[in-house]
Structure formats: C-alpha cells, structure tokens
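Taking the working numbering, the leading residue of the sequence shown gets 326, the next gets one more, and so forth.
Glycine included, every Cβ here is placed at the ideal spot set by N, Cα and C.
Small disclaimer: the values here were computed from a predicted structure and weren't measured.
Encoded as structure tokens, the structure appears first; notes follow it.
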Amino acid sequence: MTVPDPHPPIGVLVHRSTPPERIAGFARAAEDAGFGELWLAEEFLHTAAPVVAAVTLGATRRIPVGIGVVPAAVRHPAVTAMEVATLARAHPGRLVFGIGTGVERWNERMGVRTDRPLSVLRATLTTVRTLLDGAVADVGGDPFLLRSAQLGHPVAPGAVRLVAGAVGPRALELAGEVADGVVLAHLSSPRYVALARERVAAGAARAGRPATGTTLTAFVIHAVDDDRDRARASARSAVGHYLHALAGTALTTVHPIGPELDRIVAHGDPARTTAEIPEEWIDRFAVVGTPGDCAGRIREFLAAGATSVVLSPADPATGPRELTGVLRAFRSAPAGQGRA
C-alpha cells in the first residue's frame, strides 16, 4: 500500500475575500484534503497576515503556513521580528514568513514612499534575521533606526524560514543573497521559474551561499474543470487583471508576447485587457483544465526549478475540497506536455 506524501509540493492560497470567521475552517479543510502548504497574502485593507497566520496555525496540526508577503516599508523590522518570533516559537518548524517591497500604489495611500525599495527589503530581511537569531541589531537610521535591540524570545535555528517576495532579476538575486527562499507572484510560468532559479543562484553564489537550500514558491492562477473551455473561461478575468497590472515586468517579458501585450494594455482599461487576451495566454499564465491537465502543468513548474506550487483559485468560492482531484491526479499521473 502506497502512503500519500504528507507534504506534497502543492499549496493553496487563502483568497483575500475569505471572511475572517471562515479562515480557520478553510485551513482545516486544506490540511484534511492533503495539501502540502497553506499560504496567506496580505492585501491592503483586507486581513493582516500575521494575525491570520496565528489563526490558521492554531486551527491546524501539521500543515506548514506561509505568508506571502508583508511589505517591508510599512512595518518596522523590530515589530516584524516580534511577530515572526511569537508565531515560530508557538508553532516551531511550520512557519514560512515572506517579506517584500509591497505594492507601490498601496504604500503611497498610506504615505509610505521610498526610492530604494530593494535597499529597504535587504535591510529588513537581514535585521529581522539578526533579531530572530538572538543577536543585537543596531541600525543607524538608513533606511530605519534601531538602537541596540535584542529580542526577548529569539527562535531556535530552523524554526522559521524567512523568504523574499521578488519579481525582477535584482530582487531575485537579493533573495538568493540574504533570504531562505523566494515567493514568485501570480503570472508565474515554468519559463519564468527557470529565469528566477538562475537569478537566485547568481545571488547565492555572490554571497557564498549554496543555492540548493533556497526554496522557490510559485503562486499560480488556477481553475479546474472537466470541461477545459469552462476552466479557461473561469481563469480569464484573473489572468487579464494581472497582465494589465504586471505588463512589462519579468513575469511577462520572459515570453515572446511583448508587442501584442503592449498594444492590448495601452488603452488603460483592465476590462478590455481581459476581453482581448488570446486564449493561449490563459494556458501560458495559469494552471487550468482537467485535474490531469493541472497535475501535468504543476510538474512542469517543478521541473523548471520550483520547490512548490501554490494554487490561487480564480473563483474565490473554490475551497480546498474542490481541488482534491488535482492532488489525486498529481500523485498518480506522469507529467503532461510542456507549454512554458
């Protein structure tokens, strides 16, 4: 008898529209369904990721919980380190805590501006790690001030992984230099994952670190249905939204679609972008189709260098139980045809 992998390299994302009172039930359902990871996003004026992490960790027993990601410029690293240490000591070995530069337009709505987002991210990651390790952190005011600080409750080695949210090559290299892993944004594809793995390895080499220890988690737009056309139709709106927002970033420029994408987004209307994107782009930028199609596509991400793939359902009403067919297909079926 074959025993299912207790932590398959497939996670599921709690959608921002999930009401707080339903998050614990969602987390238990994800664990019971057999997912290997549960991930939480922090989006402006929705739920606070560290609080949601406390809820989900307390509601489950084994499943690792990842935060992908909190914005570095919004929280002081001392506060972030306190949050991380509290969660990691209460639930050792289960927390993955992601920190990124944040979404610029959200930061600006709070009056948070920085012309050096990667410098802030680097300083935050290194300072949080210093504090978690129990050492004294002393930062002279650029990009933040922290005088002779030491955590009252540091964490044991390996109790938590600090990962970076990254999109462009410089951010990916930074992750390789100073983080335990990287979280890749929606619109990830196997082709982009291969680029990301290359840049992370370059950063790790520059810092004299082994790249093999750096995790690479890919968030993907997902829709599953026995009717492939229906699955694509379900994912179209999400793919169009992210293409409109992320056109011109490494997520899209790695593909030979630049001139056509520029033409489609030039009018500035996200709804029109959604309507005009070719059907093939939905396959390119999402994990869609039958359970077997989706399982094959996930294997392509893993072959390209991802250590895990996190399904972000295009339909917010989709829960973990509706996705178990993908897990079964992944465990039983070989990889499908590639379409990087």
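Distance between Val634 and Leu412 (C-alpha atoms, nearest Å): Walking along the sequence shown from the start, residue 412 turns up at place 87. Walking along the sequence shown from the start, residue 634 turns up at place 309. Using only the alpha carbons, I get a separation of about 23 Å.
Alpha carbon to alpha carbon, how far is Val453 from Glu604? Give it in angstroms, no decimals. Taking the first residue of the sequence shown as 1, we reach residue 604 at position 279. Taking the first residue of the sequence shown as 1, we reach residue 453 at position 128. Take the alpha-carbon of Glu604 and the one of Val453: they are about 43 Å apart.
Could you tell me the distance, in whole angstroms, from the CA atom of Ala620 to the CA atom of Ile348? Residue numbering aside, residue 620 sits at position 295 when the sequence shown is read from its first letter. Residue numbering aside, residue 348 sits at position 23 when the sequence shown is read from its first letter. Rounded to the nearest angstrom, the two C-alpha atoms are 26 Å apart.
Once DSSP output is grouped into helix, strand and coil, what is the label at Pro334? Residue numbering aside, residue 334 sits at position 9 when the sequence shown is read from its first letter. The DSSP-derived three-state label of Pro334 is coil.
Measuring CA to CA, which of Arg524, Ile607, Val464, Ala481 is closest to Ala500? By one-based count along the sequence shown, residue 500 stands at place 175. Among Arg524, Ile607, Val464, Ala481, the Cα nearest to that of Ala500 is on Arg524.
In terms of residue numbering, what span does the beta strand (DSSP E) encompassing Pro638 cover? Translated into the one-based positions of the sequence shown, residue 638 becomes position 313. Per DSSP, Pro638 is one residue of the beta strand (DSSP E) stretching across 633 to 638.
If you follow the beta strand (DSSP E) that Phe469 is part of, which residue opens it and which one closes it? Within the sequence shown, residue 469 is the residue found at index 144, counting from 1. Taken as a continuous stretch (DSSP letters only), Phe469 belongs to no beta strand (DSSP E), as it is neither H nor E.
Please determine if the region 506 to 522 and the region 586 to 594 are in contact, where contact requires at least 3 C-beta pairs separated by less than 8 Å. Because the criterion of three Cβ pairs below 8 Å is not met, the region 506 to 522 and the region 586 to 594 do not touch.
Between the alpha carbons of Thr599 and Leu568, how many angstroms are there, rounded? For this step, residue 599 is matched to residue 274 along the sequence shown. For this step, residue 568 is matched to residue 243 along the sequence shown. If you take the alpha carbons of Thr599 and Leu568, they lie about 8 Å apart.
Can you look up Ile546 in the DSSP assignment and give me helix, strand or coil? As a first step, residue 546 must be located in the sequence shown, where it is residue number 221. Ile546 sits in a strand when the DSSP states are folded into three classes.
Distance, Ala611 Cα to Gly573 Cα: On the sequence shown, position 248 is the one that residue 573 refers to. On the sequence shown, position 286 is the one that residue 611 refers to. So the alpha carbons of these two residues sit roughly 18 Å apart.
With a threshold of 8 Å, are at least 3 pairs of Cβ atoms found where one atom belongs to the region 474 to 482 and the other to the region 535 to 553? The region 474 to 482 is not in contact with the region 535 to 553.
For Val492, which residues from the same chain have a beta carbon less than 7 Å from its beta carbon, with the 5 sequence-adjacent residues on both sides left out? By 1-based counting over the sequence shown, the position of residue 492 is 167. Here the set comprises Ala510, Thr574, Ala575, Leu576.
Tell me Trp364's beta-bridge partners as DSSP assigns them. Counting from one through the sequence shown, the residue named residue 364 turns up at place 39. DSSP output for Trp364 lists Leu338, Gly391 as bridge partner(s).
Mapping DSSP to helix, strand and coil, what is Val610? If you number the sequence shown from 1, residue 610 lands on position 285. Before going further, note that residue 610 is Phe rather than Val in the sequence given. Assigned with DSSP and collapsed to three states, Phe610 falls in helix.
Which residue marks the beginning of the alpha helix (DSSP H) containing Ala653, and which one marks its end? Reading the sequence shown from its first residue, position 328 is the one you call residue 653. Before going further, note that residue 653 is Arg rather than Ala in the sequence given. Per DSSP, Arg653 belongs to the alpha helix (DSSP H) from 649 to 657.
Gly436 to Gly393 span [Cα, whole Å]: For the purposes of this step, residue 436 is taken as residue 111 along the sequence shown, with counting starting at 1. For the purposes of this step, residue 393 is taken as residue 68 along the sequence shown, with counting starting at 1. The alpha-carbon atoms of Gly436 and Gly393 are separated by roughly 22 Å.
On a Cα-Cα basis, can you pick out the residue from Arg414, Thr578, Gly617 that is closest to Leu382? Sequence index remark: in the sequence shown, residue 382 carries index 57 (1-based). Considering only alpha carbons, the answer is Arg414.
If you draw a straight line from the alpha carbon of Thr385 to that of Gly336, how long is it in whole angstroms? For the purposes of this step, residue 385 is taken as residue 60 along the sequence shown, with counting starting at 1. For the purposes of this step, residue 336 is taken as residue 11 along the sequence shown, with counting starting at 1. Cα-Cα distance, rounded: 15 Å.
Which residues share a DSSP beta bridge with Ile424? Against the sequence shown, residue 424 aligns to sequence position 99. According to DSSP, which records beta bridges pairwise, Ile424 is partnered with Val395, Ala489.
Work out the CA separation of Asp463 and Leu471 for me, nearest whole Å. Position 146 of the sequence shown, counted from the start, is the residue given in the question as residue 471. Position 138 of the sequence shown, counted from the start, is the residue given in the question as residue 463. Leu471 and Asp463: Cα-Cα distance of roughly 5 Å.
What's the call for Val461, buried or exposed, on a 16-neighbour Cβ count within 10 Å? Here residue 461 is taken as the residue at index 136 of the sequence shown, counted from 1. It counts as exposed.
State the CB to CB distance for the pair Ser513 and Ala543, rounded to an integer number of angstroms; the pair is presumed to be in contact (CB under 8 Å). As a first step, residue 513 must be located in the sequence shown, where it is residue number 188. As a first step, residue 543 must be located in the sequence shown, where it is residue number 218. Yes, Ser513 and Ala543 are in contact; Cβ-Cβ is about 4 Å, under 8 Å.
Let me know the secondary structure DSSP gives Glu343 once reduced to three states. Walking along the sequence shown from the start, residue 343 turns up at place 18. First, the residue type needs correcting, since residue 343 is Thr and not Glu in the sequence shown. Here Thr343 carries a coil assignment [DSSP, helix/strand/coil].
Three-state class that DSSP yields for Thr327 in the structure shown: Taking the sequence shown and counting its residues from 1, the one referred to as residue 327 is at position 2. Residue confidence is low: Thr327 scores 44 on pLDDT, short of 50, so the model does not pin down where it sits. Its coordinate-derived value is still stated next. In the three-state reduction of the DSSP assignment, Thr327 falls in the coil class, being assigned neither a helical nor a strand state.
Taking DSSP as the reference, what is the three-state secondary structure of Ala462? In the sequence shown, counting from the first residue as 1, residue 462 sits at position 137. DSSP places Ala462 in the strand class (E or B) of the three-state scheme.
In chain order, what residues of the same chain lie with their CB nearer than 6 Å to the CB of His332, ignoring the 5 residues before and after it? Start at 1 with the first residue of the sequence shown, and residue 332 comes out as number 7. For His332, where only same-chain residues beyond five positions count, the Cβ hits under 6 Å are Gly361.
His478: buried (16+ other C-beta within 10 angstroms of its C-beta) or exposed? Along the sequence shown, read from residue 1 onward, the residue named residue 478 stands at position 153. With fewer than 16 neighbouring CB atoms inside 10 Å of its own CB, His478 falls in the exposed class.
Which same chain residues end up closer than 6 Å to Asp467 when comparing Cβ atoms and leaving out the 5 residues on each side of it in sequence? Position 142 of the sequence shown, counted from the first residue, corresponds to residue 467. Here the set comprises nothing.
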